[in-house]
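At position 74 of the sequence shown the residue is numbered 59 (my numbering), and the sequence of numbers has no breaks. Even for Gly, the Cβ is constructed at its ideal location relative to N, Cα and C. The model shown is predicted, which means the values in this text are computed figures rather than measured ones. All remarks here apply to the structure that follows.
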Amino acid sequence: MDYTDLLIKLGLSAILGFAIGLERELKRKPLGLKTCLVISIISCLLTIVSIKAAYNLPHTDHMNMDPLRLAAQIVSGIGFLGAGVILRRGNDSIAGLTTAAMIWGASGIGIAVGAGFYIEATFGMCFLMISVELIPLTMKFVGPRSFRQRDIAVKLVVRNMDNIPIVIEEIKEMDIKVKNMKLKTLESGAHYLHLKLSIDQKRHTADVYYALQHLESVQQTEVESMY
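This is the structure we're talking about:
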């Protein structure tokens, strides 16, 4: 391998890694430009080293080393980095799964480029971007209604038990779906409701907060977006 081929591989892996990192950076996700570039470039470099090390051994009748041995270890090891961005929030929602998958994807693209599969890596990155950006956006317009909705976590304090069914019905009348409900009696005698609600994607969280705050039976309101 000459230096031109080496620079092409590392440069292409950097460009494709940059595209993935930029998408995550624009969405303010844990996986940013620098992280994604490091993953893609170093995965490419280790793949090149793995292949060169296998073929630069003294000539024998058979090969004693797998050319992609290091690349296989990259795929296994990258899982620890991906696990670090998966978070369980206080509202029981899981965040970071897509970002973890993108880490794995950036590593895979780097390996593909390092092994010399330029076209495959480029098309793979294109389909990855389409899957993450274009398809979800399209499904919001042509898919089931659930694709056009998002979840929010709501905490309410209601004066007495008899008012809870009334509050739930008033919430449903706002065209809001109640997906989950937890109840707890407070020392003051009031009742604490932890609700998981589904609202229209375009509906602002502050509008829901304002509407719930003005319900007659509700003493306190807290609303949190779930991403």
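Taking the continuous alpha helix (DSSP H) assigned at residue i, which residues delimit it?
i: Leu66; result: Arg54 to Ala68
i: Ile0; result: Tyr(-12) to Leu11
i: Gln198; result: Thr190 to Gln198
i: Leu18; result: Leu18 to Tyr40
i: Lys157; result: Asn148 to Glu158
i: Lys125; result: Ile120 to Val127
i: Val142; result: Run containing Val142: none in the alpha helix (DSSP H); it sits in the beta strand (DSSP E), Gln134 to Val143.
i: Ser131; result: Note, Ser131: premise wrong, no alpha helix (DSSP H); not H, not E.
i: Ile94; result: Leu82 to Gly99
On the CB-based measure, 16 or more other CB atoms within 10 Å of its CB, does residue i come out buried or exposed?
i: Cys247; result: Lying before the first or after the last residue shown, residue 247 is absent from the chain, which here runs from -14 to 212.
i: Thr123; result: exposed
i: Leu55; result: buried
i: Ala85; result: buried
i: Thr170; result: exposed
i: Thr(-11); result: exposed
i: His199; result: exposed
i: Ile161; result: buried
i: Ile184; result: buried
i: Ala97; result: buried
i: Gly228; result: Because the chain is modelled from -14 through 212, residue 228 falls outside the range shown and cannot be assessed.
i: Gly62; result: exposed
i: Gly69; result: exposed
i: Ile156; result: buried
i: Leu182; result: buried
i: Gly174; result: exposed
i: Leu22; result: buried
Short check: CB of residue i to CB of residue j, under 8 Å?
i: Leu180; j: Val139; result: yes
i: Leu197; j: Leu141; result: yes
i: Met114; j: Glu8; result: yes
i: Val143; j: Val203; result: yes
i: Gly2; j: Gly95; result: yes
i: Met211; j: Asp136; result: yes
i: Ala80; j: Ile5; result: no
i: Gly99; j: Ile33; result: yes
i: Met166; j: Leu178; result: yes
i: Leu53; j: Ser35; result: yes
i: Gln186; j: Gln134; result: yes
i: Ile149; j: His176; result: yes
Need the endpoints of the beta strand (DSSP E) that residue i sits in, please.
i: Met166; result: Lys162 to Thr170
i: Ala175; result: No beta strand (DSSP E) contains Ala175, which DSSP labels as neither H nor E.
i: Ile104; result: Ile104 -> not in any beta strand (DSSP E); alpha helix (DSSP H) instead, spanning Tyr103 to Met114.
i: Ser210; result: Val203 to Ser210
Practice task
Could you tell me whether the segment 21 to 40 touches the segment 123 to 141, where touching means 3 or more Cβ pairs closer than 8 Å?
Solution key: no
Exercise for the section: Would you be able to state if there are at least three C-beta pairs under 8 Å between the segment 99 to 117 and the segment -5 to 8? Expected result: yes
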